[in-house]
């Protein structure tokens, strides 16, 4: 595996973990989080996800959409 392929692989793993974290955090129904906090968290997660997807694409990787 080349250095670029390894970097793409690492970024994809990081992306998957971030998506899981986002789903877990924002999908909780038993813990009250203010709407303002939920919006801020969603925006932060979405921004970080978009950055990782862009880095993967810049390295020539493919980002699978679900």
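Residue numbers (the working numbering): 305 to 370.
Idealized CB from N, CA, C, for every residue including glycine.
(request) Please name the residue in 362, 353 and 363 whose C-alpha comes closest to that of residue 369. (result) 353
(message) In this structure, how does DSSP classify residue 337 when only helix, strand and coil are distinguished?
(response) coil
(message) Which residue wins for smallest C-alpha separation from residue 362, given the options 306, 312 and 305?
(response) 312
(message) Which residue wins for smallest C-alpha separation from residue 355, given the options 345, 315 and 331?
(response) 315
(message) Please report the distance separating the alpha-carbon of residue 333 from that of residue 351.
(response) 23 Å
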